[in-house]
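Asker: In my numbering, the protein residues as written are 131 to 427.
Backbone N, C-alpha and C fix where the C-beta goes; we use that ideal spot for every residue, glycine too.
Okay, handing you the structure first.
Shown next, in the form of structure tokens:
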């Protein structure tokens, strides 16, 4: 998939030492990818590339590392930005073997010298738990990404859950981590199971942007008011909270900032101005109307 064409014919490799001012961006199309996050990443990357007089070639590599190798090795790209990174990402050795500057949006367990930019998701999970604990909530739950996201080892989802659980252990807070699909029916069933087993849960962290509207609707259907009965923290791009009638407390995923930062980072590497490094952005939580101290029961 190509979003912005370049005057050179795709598939024609540049001569040694010749710059094309083309960057490749590998984007996910798989089911369960966070659509709003992906769109904001891509929009910011396109804008940042254009501001630096670079074209952006969008590639999808859903067939695995071999497809990535074929797509990138046959393109004119000076450098590569890869989204949707897994903890044990099989694309890492492929990228190393291509011999081109590459930046990952996400952090695998073993980056092996590749540049990485991301939100510090472990700190984000801890910050969400800490916010609820600071308000006095003693039993909380994380509604995480869909199960398929964890099965394939998504770096962001896994790190946030670990940070959430570790902070709960540190504060001696009872915490549950849950994962279900993105449909309205799956969300309602998940909420039914949660409150049937743990009726004293008073705080929720939702790291599943697609299911967020269904979570809010499901709480209303159960007669649970936000924040009077249940406090809720959303982990998503801040722009997504504008569509809610209730002003949501939000741990913002800075998708646009990360998309631009990844492009700028790979351009610096192409220019020889920086070595590969991992850069994690500090999470920011904005407290709004959806969180409050738990009411006395």
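Where do the N-terminal and C-terminal ends of the alpha helix (DSSP H) with residue 285 fall, by residue?
Answerer: 285 to 301 is the extent of the alpha helix (DSSP H) around residue 285.
Asker: Determine the closest residue to residue 168 out of 360, 155 and 273, with distance taken between C-alpha atoms.
Answerer: Ranking the options by Cα distance to residue 168, first place goes to 155.
Asker: Per DSSP, which residues does residue 232 bridge with? Please list them.
Answerer: 210.
Asker: Mind checking which residues open and close the alpha helix (DSSP H) that includes residue 333?
Answerer: Premise fails: residue 333 lies in the beta strand (DSSP E), 333 to 336, not in any alpha helix (DSSP H).
Asker: Assuming the contact rule is C-beta atoms closer than 8 Å, residue 255 and residue 297 should be a hit. Round their C-beta distance to whole Å, please.
Answerer: About 7 Å separates the two Cβ atoms, so the contact holds.
Asker: At 3 residues or longer, what runs of the beta strand (DSSP E) sit wholly inside the region 300 to 327?
Answerer: Runs of the beta strand (DSSP E) inside the region 300 to 327: 304 to 308.
Asker: State whether the region 244 to 260 contacts the region 285 to 295, with contact taken as three or more CB pairs (one from each stretch) at a distance under 8 Å.
Answerer: Result yes; three or more Cβ-Cβ pairs closer than 8 Å.
Asker: Keeping to the same chain, check which residues put their C-beta closer than 6 Å to that of residue 231; ignore five residues upstream and five downstream.
Answerer: 209, 396, 399 and 400, listed in sequence order.
Asker: Would you identify the three-state DSSP class for residue 373, choosing helix, strand or coil?
Answerer: The answer is helix: DSSP assigns residue 373 an H, G or I state.
Asker: Judging by CA-CA distance, which residue of 333, 412 and 174 is the nearest neighbour of residue 355?
Answerer: For the residues 333, 412 and 174, the minimum Cα distance to residue 355 belongs to 333.
Asker: Whose C-beta lies closer than 6 Å to the C-beta of residue 301 among residues of the same chain, with five residues either side of it excluded?
Answerer: Hits under 6 Å: 263.
Asker: State the DSSP-derived secondary structure class of residue 188, mapped to helix, strand or coil.
Answerer: Three-state DSSP puts residue 188 in a strand.
Asker: Would you list the residues sitting across from residue 416 in a DSSP beta bridge?
Answerer: In the DSSP output, where bridge partners are listed per residue, residue 416 has 380.
Asker: Please say whether residue 174 and residue 409 have beta carbons closer to each other than 8 Å?
Answerer: No.
Asker: Which partner residues of residue 364 appear in the DSSP bridge assignment?
Answerer: Answer is 336 and 380, bridged to residue 364.
Asker: Please report the distance separating the alpha-carbon of residue 226 from that of residue 244.
Answerer: Near 8 Å, if we compare the C-alpha coordinates of residue 244 and residue 226.
Asker: Since residue 420 and residue 343 are thought to touch, with beta carbons under 8 Å apart, how far apart are those beta carbons, to the nearest angstrom?
Answerer: Between residue 343 and residue 420 the Cβ distance is about 13 Å, and since that is not below 8 Å, they are no contact.
Asker: Figure out for me which residue from 375, 426 and 207 has the closest Cα to the Cα of residue 125.
Answerer: Because the chain here runs from 131 to 427, residue 125 falls outside it and cannot be looked at.
Asker: Relative to the C-alpha of residue 367, which residue among 360, 374, 376 and 381 is closest?
Answerer: Checking every option, the nearest Cα to that of residue 367 belongs to 381.
Asker: Looking at the unbroken beta strand (DSSP E) that takes in residue 154, where does it start and where does it end?
Answerer: Taken as a continuous stretch (DSSP letters only), the beta strand (DSSP E) holding residue 154 covers 152 to 157.
Asker: For the beta strand (DSSP E) that contains residue 198, what are its first and last residues?
Answerer: Premise fails: residue 198 lies in the alpha helix (DSSP H), 195 to 203, not in any beta strand (DSSP E).
Asker: Do residue 272 and residue 308 come within 8 Å of each other at the CB atom, strictly closer than that value?
Answerer: Cβ atoms of residue 308 and residue 272: closer than 8 Å.
Asker: With a threshold of 16 other CB atoms inside 10 Å of the CB of residue 369, please say whether the residue is buried or exposed.
Answerer: Exposed, by the Cβ-count rule.
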